[in-house]
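Chemist: For the sequence shown, our numbering gives the first residue as 753, with consecutive numbering after it.
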Amino acid sequence: YEGYWEDIAPFIKFGCIKDEKFYDKVKDILLFKSINGEYKTLSELPKQKDNKVYYVSNQDVQAQYIKIFKDNGLDAVILEHAIDTHFISFLEYKESETKFVRIDSEIDDALKSDDSSSDDNKDSNNALIEKFKNALSMDNLDIKAESLKTSDTPAIITVNEYERRMSDMNKMYGGMFGDTPKSKETIILNTESPIIKKISELEEGDKCSLLCRHVYDLAAISQRKLTAAELEGFISRSVEVLNFV
Numbered sequence: 753y754e755g756y757w758e759d760i761a762p763f764i765k766f767g768c769i770k771d772e773k774f775y776d777k778v779k780d781i782l783l784f785k786s787i788n789g790e791y792k793t794l795s796e797l798p799k800q801k802d803n804k805v806y807y808v809s810n811q812d813v814q815a816q817y818i819k820i821f822k823d824n825g826l827d828a829v830i831l832e833h834a835i836d837t838h839f840i841s842f843l844e845y846k847e848s849e850t851k852f853v854r855i856d857s858e859i860d861d862a863l864k865s866d867d868s869s870s871d872d873n874k875d876s877n878n879a880l881i882e883k884f885k886n887a888l889s890m891d892n893l894d895i896k897a898e899s900l901k902t903s904d905t906p907a908i909i910t911v912n913e914y915e916r917r918m919s920d921m922n923k924m925y926g927g928m929f930g931d932t933p934k935s936k937e938t939i940i941l942n943t944e945s946p947i948i949k950k951i952s953e954l955e956e957g958d959k960c961s962l963l964c965r966h967v968y969d970l971a972a973i974s975q976r977k978l979t980a981a982e983l984e985g986f987i988s989r990s991v992e993v994l995n996f997v
C-alpha cells in the first residue's frame, strides 16, 4: 500500500474534499510521508505543541529547515502536491484540533522546550538585535535572537502561516482578492552560531553592516527565491565579503 500511495494520493485527497462521507470512510488509511521516510496515518501524525503538525511543501527549497528539524529530533510530513494546499485546509476543518504549519513558519516554537528558562544573555541578544536592525533598516522585518540548537545555521527566516496562505491563495486565483500585503518576515539569529557570535562582538560600522546583510541574504535564499534586485545585491555583497580573505 505504501508502495503505490504516492500515485493514488492526489485522487484520494480530491475525493475526500469533494465528499465528506468518503473522507469518513478512508481517513484511517490516509498516509503521510515524513521527512524521515516513514509513512504515518492521521492518528500518527507527528504533532508538536498545541497540536501543530509541521509540513514541507518543497524539500529542495526548505532543506535547511528540514536539517534543523532532524538535528533536533523533530519530524514533519511532506505535502508537495498541488492539491495539498486545499487538503490541509480541509483537514483543519474536519480535525479542528489539528493545525498545519509549514516548516518555515513558527519553527522557533517547535524548538522551544516547555521547561526552557529565561535567556541569561538577554542584554547581549537585545544588543545583537539592535545591531541587525540598524544594518538592515527593513520595516517589514522582525528580528529575534534565539538558539536553534545547532551551530551550522547562522540565521533563518520565518513567515506568518496565515498571511502566507492568504498571499498564496491570492496568487493562485490570479490576484482576484486585490493587492494583499506582503507576508511579514522574521529573521531568527542563531545564538549558537560562531558567525553570529563573531558579529555580536564587532563594532557597528561598514564591515558589521555588510556581514549582517549577508547573513540576511543567506537566510532569505534558504526560504524563498530572491528577486532580481535582491540577487544582484547578494552577488555584489558576496564579492565584498570575499575581499576579507
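We treat Cβ as the ideally placed atom computed from N, Cα and C, and that holds for glycine.
Need the endpoints of the beta strand (DSSP E) that residue 910 sits in, please.
Modeler: 907-911
Chemist: Helix, strand or coil for residue 805 per DSSP?
Modeler: strand
Chemist: What are the boundary residues of the beta strand (DSSP E) that residue 936 is part of?
Modeler: Note, residue 936: premise wrong, no beta strand (DSSP E); not H, not E.
Chemist: Taking only three categories from DSSP, how would you classify residue 784?
Modeler: The three-state secondary structure of residue 784, taken from DSSP, is strand.
Chemist: Considering just the uninterrupted stretch of the alpha helix (DSSP H) at residue 958, what are its terminal residues?
Modeler: 958-973
Chemist: Tell me, to the nearest whole angstrom, how far the beta carbon of residue 943 is from that of residue 898; I am working on the premise that it is less than 8 Å.
Modeler: 6 Å
Chemist: From what residue to what residue does the beta strand (DSSP E) around residue 989 run?
Modeler: Element bounds for residue 989: not the beta strand (DSSP E) but the alpha helix (DSSP H), 980-994.
Chemist: How long is the line joining the alpha carbons of residue 978 and residue 970, rounded to whole angstroms?
Modeler: 10 Å
Chemist: Could you please give the first and the last residue of the uninterrupted alpha helix (DSSP H) stretch that includes residue 1004?
Modeler: Because the chain spans 753 through 997 in this model, residue 1004 falls outside it and cannot be assessed.
Chemist: Spell out the partners DSSP gives residue 893 in its beta bridges.
Modeler: 937
Chemist: Note down the Cα distance separating residue 902 from residue 811, rounded to an integer number of angstroms.
Modeler: 20 Å
Chemist: Considering only the beta carbon of each residue, do residue 853 and residue 817 sit closer than 8 Å?
Modeler: Contact: no.
Chemist: Are there 16 or more other CB atoms within 10 angstroms of the CB of residue 874, so buried, or fewer, so exposed?
Modeler: exposed
Chemist: Mapping the DSSP letters down to three states, classify residue 830 as helix, strand or coil.
Modeler: strand
Chemist: Locate the alpha helix (DSSP H) running through residue 885, then write down its first and last residues.
Modeler: 874-888
Chemist: Report the rounded CA-to-CA distance for residue 937 versus residue 910, giving the unit in angstroms.
Modeler: 6 Å
Chemist: Measuring CB to CB, does residue 839 end up less than 8 Å from residue 828?
Modeler: no
Chemist: Cα-Cα, which of 972, 955, 974, 951 is closest to residue 963?
Modeler: 951
Chemist: What do you get for residue 793, buried or exposed, if any count of 16 or more other CB atoms within 10 angstroms of its CB means buried?
Modeler: exposed
Chemist: Using only the alpha-carbon positions, how far apart do residue 707 and residue 783 sit?
Modeler: Here the chain covers residues 753 to 997 and nothing more, so residue 707 does not appear.
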